[in-house]
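A.B. asks:
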């Protein structure tokens, strides 16, 4: 048994409820891996660098997923800044 961030961790007492699935698993699935190359990198000022793959894409569903992922990145960044600066 070990402790991680003050939480008891062992195979008999997992930190994540198995009934909830694996919360981190969504970011390691093949679907996400197929969308990542189309994401635009965030600049230091909050803008996005162009991504030629995304600009040439004509799949509406892919474009919607990219925009969703970028919005979630922005939400996380806003949360992170709020945590730092109160």
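Numbering (the numbering used here), first residue to last: 630 to 715.
Just so you know, even glycine gets a beta-carbon here, dropped at the ideal spot from N, CA and C.
Remember, predicted model here, so these are calculated numbers, not experimental data.
#1: On the CB-based measure, 16 or more other CB atoms within 10 Å of its CB, does residue 661 come out buried or exposed?
#2: Confirm the yes/no value for this check: CB of residue 663, any heavy atom of the ligand ATP, distance under 7 Å.
#3: Take the Cβ of residue 664 as the centre, count every other Cβ of all protein chains shown within 10 Å, and call the residue buried at 16 or more, exposed below.
#4: Is the beta carbon of residue 581 less than 8 Å from the beta carbon of residue 699?
#5: Looking at the secondary structure, which residues open and close the alpha helix (DSSP H) in which residue 701 lies?
C.D. replies: Taking the definition as stated:
#1: exposed
#2: The ligand ATP is not among the ligands present in this structure, which contains no ligands whatsoever.
#3: exposed
#4: Lying outside 630 to 715, the shown extent of the chain, residue 581 is not represented and no answer is given.
#5: 689 to 714
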